[in-house]
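*Asks:* In the working numbering, the protein residues as written are 652 to 827.
Every residue, glycine too, gets a C-beta built ideally from N, C-alpha and C.
1) Measure from the alpha carbon of residue 676 to the alpha carbon of each residue in 691, 721 and 743, then state which is nearest.
2) Looking at the strands, I want to know which residues DSSP matches up with residue 707.
3) Does the structure place the stretch 700–712 close enough to the stretch 758–776 that three or more beta carbon pairs sit under 8 Å?
4) In chain order, what residues of the same chain have a beta carbon less than 7 Å from the beta carbon of residue 755, not counting five sequence neighbours either side?
5) Taking all protein chains shown into account, decide if residue 814 is buried (16 or more other Cβ within 10 angstroms of its Cβ) or exposed.
6) Can you give me the C-alpha to C-alpha distance between residue 691 and residue 821, rounded to a whole angstrom?
7) Can you list, in chain order, the residues of its chain with a C-beta nearer than 8 Å to that of residue 809? Leave out the 5 residues immediately preceding and following it.
8) Distance check for residue 781 and residue 711, CA to CA, integer angstroms please.
9) Could you give the C-beta distance for residue 819 and residue 695, rounded to a whole number, given that I count them as a contact under 8 Å?
10) I'd like to check one pair, residue 823 with residue 688: are the Cβ atoms closer than 8 Å?
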């Protein structure tokens, strides 16, 4: 009987001890881990999206791979395939999550998490630097976690001295 009581007392501590500090750091972004597909549209037209998020380099980063295929339009009769790679990281000095994206068009976006909602279901990243684009442009990524299988992403761009405007919006469905 004493053994049973000791086991019951220490099991919760043991279980929570297994949840490392590094794992708990990533809790706001953990829902993204996996493979996703989706549809959306915006400035480039109507498109289909394939996306994956995975931990890399000893769980110090989350790697993002994205491929967007846009249907032909009058302005772009061939359609368009867009690819980008990205990484979520945590800046210990700033105590903020960062997002860096490397686009096939040679743009490199660096974002910082500007806001996370109280329920941890809306995350907003705003650009702090954009390479290979005219000076003064800004970008913003807003992720809404709708449930454990659906995410909505809104990408916005602001021209110099102007407000943000939606460039694209996509709903992603988790595949695994």
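*Replies:* Here's the rundown:
1) Taking the Cα of residue 676 as reference, the smallest distance to any Cα among 691, 721 and 743 is reached at 743.
2) Looking at the DSSP output, residue 707 sits in a beta bridge with 712.
3) Contact between the stretch 758–776 and the stretch 700–712 is absent, because fewer than three Cβ pairs lie under 8 Å.
4) 733, 734 and 735.
5) Burial call: exposed.
6) Straight-line Cα distance between these residues: approximately 4 Å.
7) Here residue 809 has 788, 789, 790, 791, 815 and 816 as same chain residues with Cβ atoms under 8 Å from its own Cβ, once five neighbours each way along the sequence are excluded.
8) Between the alpha carbons of residue 711 and residue 781 lies a distance of about 23 Å.
9) Yes, they are in contact, since the Cβ atoms of residue 819 and residue 695 sit about 7 Å apart, within 8 Å.
10) For the 8 Å CB-CB criterion, residue 688 and residue 823 form a contact.
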